[in-house]
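**Q** Using the numbering used here, read the sequence shown as starting at 29 and increasing by one per residue.
Every residue, glycine too, gets a C-beta built ideally from N, C-alpha and C.
Bear in mind that the values here come from a model prediction, so they are computed numbers and not experimental data.
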Amino acid sequence: MSILNPRRATRQVTLGDQRVGFIKIGGGLYGTTPAPVSVQTMTTGYTYEIDKCVAEINRLTAAGADVVRVAVPEKKDTDALKEIIPQVRVPIVADVHFHFKRALEAVEAGVHKIRLNPGNIQDRDQVIEVINACKARNLPIRVGVNEGSIIERRDKQKRLKELGAMFSDNKRGYLLAIMITKLEEYLDIFYEQDFQDVVISAKSMDPVVVIQAYSEISKRFDHPLHLGVTHAGPKETGCIRSVTALGTLLAAGVGDTIRLSYTSDSVYEVEDGLELLHSLGLRERKSAELIACPTCGRIQVDLISLVQDVRKTLASKIELPIKVAVMGCIVNGPGEAEGADVAVFAGDRRGIIYVQGEKVANVPEEEILEKLLVECLKFQEEVKAGRVKLGDKKVEIIPPDPIGELGSGWEKMAGQKGVGLTVGQS
Ligand code: SF4
């Protein structure tokens with residue numbers, strides 16, 4: 029039984045076209061079927077540098093991004109979109125701040141969705157112009173409030189008053205109230221124009237504020253929600269902050285599309301976003317699932333490098349959710365690797381490889397990566413041909429006494445077949 033809450037039913041928006049494909053966000057209301065939670069990211073380079081931008085978008089698409097957003101601060105960026113969009117294979121979102129004309133130009137250029145920030149595009153007539161342009165082309169709009177831009181900056185007195193309130197004990201409550209009020213006011217403009225094709229986001233750099241904001245918003249609006257922690261820092265901290273907030277919300281059934289936000293290569297945002305969804309069972313895995321030990325003083329090969337190499341190699345070569353275990357020794361390795369389709373146990377500068385419980389190789393350390401890949405590819409072909417099934421046979425290994433008279437136990441495992449070692453099927 030799942031401990032996750034059922035996903036919240038929302039309206040559904042669709043973005044894309046025949047060429048790049050269509051992505052649905054949210055669903056469950058008005059006769060729609062809920063779409064899988066999608067993974068978004070954003071390019072880090074200048075959009076007007078067309079070739080570099082196309083290359084970055086294609087790299088992000090290859091990593092598994094469902095939607096890619098690009099910044100369009102200047103007209104040369106929206107001009108570039110006309111050449112970029114025909115060269116990519118993923119729906120593109122134009123991220124618009126301050127200049128509503130960039131949104132109109134992006135729509136003309138063939139973009140698939142617009143993001144508007146109520147904190148810096150506030151003129152009602154300008155918002156209506158953007159709404160009408162998107163309506164004419166069936167394009168959705170994300171209304172994204174951010175903690176950093178939600179406070180009025182132009183009116184200094186007001187700014188001071190607001191900041192004063194933010195630093196009171198009730199900082200979070202006050203901030204949430206501003207976010208929700210801004211959203212309500214802004215969305216009224218959309219509703220007056222009979223425009224419901226809206227996705228909402230309410231990001232903060234504080235994961236607790238993010239959890240509170242989206243929990244509250246999910247009760248008040250039926251639009252799909254784009255989750256994110258903004259300015260979360262480099263991958264090392266950004267991952268923890270993002271996963272804390274997004275994982276909590278997704279487990280509670282809240283969230284329809286996500287973006288992890290790192291000061292790093294955006295490929296990491298996509299990889300980690302997908303891993304988060306796989307871990308919660310919200311997306312089907314389409315590549316190898318890696319199990320690896322954390323290493324310890326019993327290690328006898330360079331397992332940290334090996335695991336990194338295995339991860340990169342399998343990511344580009346394996347297209348089925350094969351469970352692959354890379355274990356540093358046989359002390360805990362066999363138990364932890366239980367259920368893996370393919371497993372390698374290292375020791376004594378060698379690796380023993382198992383495929384669904386059968387020992388298939390015993391190779392020196394420098395050949396482990398290559399041999400493991402060969403076995404994974406062979407196994408993948410067997411699965412594709414229908415001769416074996418993923419997860420069909422269970423690896424069940426009882427190691428010989430690893431710390432007693434047998435020492436590491438490696439000799440027994442690597443040597444005589446069957447001595448102190450059970451590799452079974454179930
Ligand atoms: Fe240490 Fe072996 Fe466990 Fe890896 S599998 S952490 S090497 S005991």
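(1) For a quick check, are the C-beta atoms of isoleucine 120 and valine 227 less than 7 Å apart?
(2) Measure the beta-carbon distance from arginine 130 to valine 100 and round it to whole angstroms, keeping in mind my assumption that it falls under 8 Å.
(3) Alpha carbon to alpha carbon, how far is lysine 263 from glutamine 224? Give it in angstroms, no decimals.
(4) Need the endpoints of the beta strand (DSSP E) that glutamate 386 sits in, please.
(5) Which of helix, strand or coil does DSSP assign to leucine 215?
(6) For alanine 320, name the three-state secondary structure that DSSP assigns.
(7) Measure the alpha-carbon distance for glycine 367 versus glutamate 317 and round it to whole angstroms.
(8) In its own chain, which residues sit with a C-beta less than 6 Å from the C-beta of glycine 283, not counting the 5 before and 5 after it?
(9) Is it buried or exposed for cysteine 81, if we count other Cβ within 10 angstroms and need 16 for buried?
(10) Would you list the residues sitting across from asparagine 86 in a DSSP beta bridge?
(11) At which residues does the alpha helix (DSSP H) containing alanine 413 begin and terminate?
(12) Hey, would you say alanine 320 sits closer than 7 Å to valine 354, going by beta carbons?
(13) Below 8 Å on the Cβ atoms is my guess for aspartate 456 versus threonine 38; work out the distance and round it to an integer in Å.
(14) Residues bridged to tyrosine 382 by DSSP?
(15) DSSP puts glutamine 40 in a beta bridge; with which residues?
(16) Please classify leucine 238 as buried or exposed, where buried requires at least 16 neighbouring CB atoms within 10 angstroms.
(17) Check for me: the alpha helix (DSSP H) holding glycine 275 runs from which residue to which?
(18) Once DSSP output is grouped into helix, strand and coil, what is the label at leucine 255?
(19) Rounded to the nearest angstrom, what separates valine 21 and alanine 273 at their Cα positions?
(20) When DSSP builds the beta bridges, which residues end up paired with aspartate 250?
(21) What did DSSP end up calling isoleucine 431 once you bin it into helix, strand or coil?
(22) Pull up the distance between the alpha-carbon of alanine 280 and that of serine 246, whole angstroms please.
(23) Where histidine 306 and glutamate 312 are concerned, what is the direct C-alpha to C-alpha distance, given to the nearest angstrom?
(24) Hey, quick one: how far does the beta strand (DSSP E) through isoleucine 142 stretch, first residue to last?
(25) Could you have a look at asparagine 174 and say whether DSSP puts it in helix, strand or coil?
(26) Can you check DSSP and say which residues form a bridge with isoleucine 120?
(27) With a threshold of 6 Å, establish whether the CB of isoleucine 381 neighbours any heavy atom of the ligand SF4.
(28) Just curious, the alpha helix (DSSP H) that glutamine 336 is in, first and last residue?
(29) Just checking cysteine 404 against the ligand SF4 - is the residue's beta carbon closer than 6 Å to any of the ligand's heavy atoms?
(30) Does the Cβ of glycine 356 lie closer than 6 Å to at least one heavy atom of the ligand SF4?
(31) Residue range of the alpha helix (DSSP H) that valine 295 falls in?
(32) Compute the Euclidean distance between the alpha carbons of tyrosine 242 and lysine 110, then round it to the nearest angstrom.
**A** Working from what's here:
(1) The residue given as residue 120 occupies position 92 in the sequence shown. The residue given as residue 227 occupies position 199 in the sequence shown. Contact: no.
(2) Here residue 130 refers to the residue found at position 102 of the sequence shown. Here residue 100 refers to the residue found at position 72 of the sequence shown. The Cβ separation is near 5 Å, so the contact holds.
(3) As a working note, residue 224 is residue 196 in the sequence shown. As a working note, residue 263 is residue 235 in the sequence shown. Going by the C-alpha atoms only, they are around 35 Å apart.
(4) To locate residue 386, count along the sequence shown from 1; it is residue 358. Run containing glutamate 386: 386-392, per the beta strand (DSSP E) assignment.
(5) The residue you call residue 215 lines up with position 187 of the sequence shown. Helix at leucine 215.
(6) Within the sequence shown, numbered from 1, the residue matching residue 320 stands at position 292. Here alanine 320 sits in strand by DSSP.
(7) Within the sequence shown, residue 367 is the residue found at index 339, counting from 1. Within the sequence shown, residue 317 is the residue found at index 289, counting from 1. Looking at the two C-alpha atoms, the distance is approximately 12 Å.
(8) Translated into positions along the sequence shown, residue 283 becomes position 255. Leu253, Leu255, Leu277.
(9) In the sequence shown, residue 81 corresponds to position 53, counting from 1. Its Cβ being crowded by 16 or more others within 10 Å, cysteine 81 is buried.
(10) Numbered from its first residue, the sequence shown carries residue 86 at position 58. Paired residues: none, contrary to the question.
(11) If you number the sequence shown from 1, residue 413 lands on position 385. No alpha helix (DSSP H) contains alanine 413, which DSSP labels as neither H nor E.
(12) Sequence index remark: in the sequence shown, residue 320 carries index 292 (1-based). Sequence index remark: in the sequence shown, residue 354 carries index 326 (1-based). Going by C-beta atoms, alanine 320 is nearer than 7 Å to valine 354.
(13) With the chain running from 29 to 454 in the structure shown, residue 456 is simply not present.
(14) On the sequence shown, residue 382 is found 354 positions in, with the first residue counted as 1. BP columns for tyrosine 382 point to Ala371, Lys387.
(15) The residue given as residue 40 occupies position 12 in the sequence shown. Gly54.
(16) Reading the sequence shown from its first residue, position 210 is the one you call residue 238. The amino acid occupying residue 238 in the given sequence is valine; leucine does not appear at that position. Looking at its Cβ environment, which holds 16 or more other Cβ atoms inside 10 Å, valine 238 is buried.
(17) The residue given as residue 275 occupies position 247 in the sequence shown. Counting along the chain, the alpha helix (DSSP H) containing glycine 275 begins and ends at 263-279.
(18) For the purposes of this step, residue 255 is taken as the residue at position 227 of the sequence shown. Leucine 255: strand per DSSP, three-state reduction.
(19) Only positions 29 to 454 of the chain appear in the structure, and residue 21 is not among them; the question remains open.
(20) One-based indexing of the sequence shown puts residue 250 at position 222. Answer is none; aspartate 250 lacks a bridge partner.
(21) One-based indexing of the sequence shown puts residue 431 at position 403. The pLDDT assigned to isoleucine 431 is 44, lower than 50, so where the model puts this residue is not dependable; a value taken from the coordinates is nonetheless given after this. Correct three-state label for isoleucine 431: coil.
(22) For the purposes of this step, residue 280 is taken as residue 252 along the sequence shown, with counting starting at 1. For the purposes of this step, residue 246 is taken as residue 218 along the sequence shown, with counting starting at 1. Using only the alpha carbons, I get a separation of about 11 Å.
(23) Working through the sequence shown from its first residue, we reach residue 306 at position 278. Working through the sequence shown from its first residue, we reach residue 312 at position 284. Histidine 306 and glutamate 312: Cα-Cα distance of roughly 6 Å.
(24) Position 114 of the sequence shown, counted from the start, is the residue given in the question as residue 142. Residues 141-144.
(25) Here residue 174 refers to the residue found at position 146 of the sequence shown. Asparagine 174 falls in the strand class under three-state DSSP.
(26) The residue you call residue 120 lines up with position 92 of the sequence shown. According to DSSP, which records beta bridges pairwise, isoleucine 120 is partnered with Val96.
(27) As a first step, residue 381 is located in the sequence shown; it is residue number 353 there, counting from the start. For the ligand SF4, not one heavy atom lies less than 6 Å from the Cβ of isoleucine 381.
(28) Counting from one through the sequence shown, the residue named residue 336 turns up at place 308. Counting along the chain, the alpha helix (DSSP H) containing glutamine 336 begins and ends at 331-345.
(29) Counting from one through the sequence shown, the residue named residue 404 turns up at place 376. False, no ligand heavy atom lies under 6 Å from that Cβ.
(30) Taking the sequence shown and counting its residues from 1, the one referred to as residue 356 is at position 328. At least one heavy atom of the ligand SF4 is nearer than 6 Å to the Cβ of glycine 356, so yes.
(31) Residue 295 sits at position 267 when you count from the first residue of the sequence shown. Taken as a continuous stretch (DSSP letters only), the alpha helix (DSSP H) holding valine 295 covers 294-307.
(32) Looking up residue 242 in the sequence shown gives position 214. Looking up residue 110 in the sequence shown gives position 82. Approximately 34 Å between the Cα atoms of the pair.
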